[in-house]
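Engineer: Have a look at this one before I ask anything.
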Amino acid sequence: MPSAYKWRPLPADTLGQSVNPETIHQKEHRASLTPLETAFQRARANRGNRLKQRRDFARRYDEYQVLDDETKAQVDQEMIVEENEVLEQERVAILADWRRYYPN
Numbered sequence: 821m822p823s824a825y826k827w828r829p830l831p832a833d834t835l836g837q838s839v840n841p842e843t844i845h846q847k848e849h850r851a852s853l854t855p856l857e858t859a860f861q862r863a864r865a866n867r868g869n870r871l872k873q874r875r876d877f878a879r880r881y882d883e884y885q886v887l888d889d890e891t892k893a894q895v896d897q898e899m900i901v902e903e904n905e906v907l908e909q910e911r912v913a914i915l916a917d918w919r920r921y922y923p924n
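With the working numbering applied, the sequence shown closes on residue 924, and no number is skipped along the way.
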C-alpha cells in the first residue's frame, strides 16, 4: 500500500529569482528540509489553512458577533486549542506512516 504522504522535497523554485530577502530565506529553508520535515510542512500548510478558514467562518456568525470581548477571547482560545489538537493528530499520523516505510 502506498504512503498517504508525499516524501518529495517542497518546490523551492529557482533561488535567484527574488530580490526580497525574506522570500530568499524561505526558499533556501524549504530546499534544505528533510523528507519528514517536508511532510510536516505540507500538513501544517494544508490542514492549518483549512482550520483557519473554519475559524474565520465561525467568527462571522451573528451569535459570535454579539458576544462580549472576554467571551470572544475564550471562544477563540478554545478554537485554537482544538486546531492544535488536530495538527498534533496529523503529526502523529505522519510519524506513524514514516516509521512504517522507514523503520530506523
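We put the beta carbon where it would ideally sit given N, CA and C, even for glycine. Bear in mind the structure is a predicted one, so any value in this text is a computation, not a measurement.
Is it buried or exposed for Asp-847, if we count other Cβ within 10 angstroms and need 16 for buried?
Structural biologist: One point to set straight first is that residue 847 is Lys, not Asp, in the sequence displayed. With 16 or more Cβ atoms within 10 Å of its Cβ, Lys-847 is classed as buried.
Engineer: Kindly indicate which three-state DSSP category Val-906 falls into: helix, strand or coil?
Structural biologist: Of the three classes helix, strand and coil, the one that applies to Val-906 here is helix, per DSSP.
Engineer: Between Ala-878 and the ligand ATP, is the CB less than 7 Å from at least one heavy atom?
Structural biologist: Because no ligand of any kind appears in the structure shown, any question about the ligand ATP cannot be addressed here.
Engineer: Okay, do the segment 861–872 and the segment 896–913 touch, 3+ Cβ pairs below 8 Å being the bar?
Structural biologist: The segment 861–872 is in contact with the segment 896–913.
Engineer: When you compare the CB positions of Phe-860 and Arg-919, do they come within less than 8 Å of one another, or not?
Structural biologist: Cβ atoms of Phe-860 and Arg-919: not closer than 8 Å.
Engineer: Taking 8 Å as the cut-off, decide whether the C-beta atoms of Tyr-884 and Val-895 are in contact.
Structural biologist: Result yes, Cβ atoms of Tyr-884 and Val-895 sit closer than 8 Å.
Engineer: Measuring only the C-alpha atoms, how far is Arg-879 from Pro-923?
Structural biologist: Cα to Cα, Arg-879 sits roughly 43 Å from Pro-923.
Engineer: Going by C-alpha to C-alpha distance, which of Arg-875, Thr-891 and Glu-890 sits closest to Ile-900?
Structural biologist: Of the listed residues, the one whose Cα sits closest to Ile-900 is Arg-875.
Engineer: Runs of 4 residues minimum, wholly inside the segment 841–914: which ones carry the alpha helix (DSSP H) assignment?
Structural biologist: Counting only runs of 4 or more, we get 841–851, 855–879 and 882–885.
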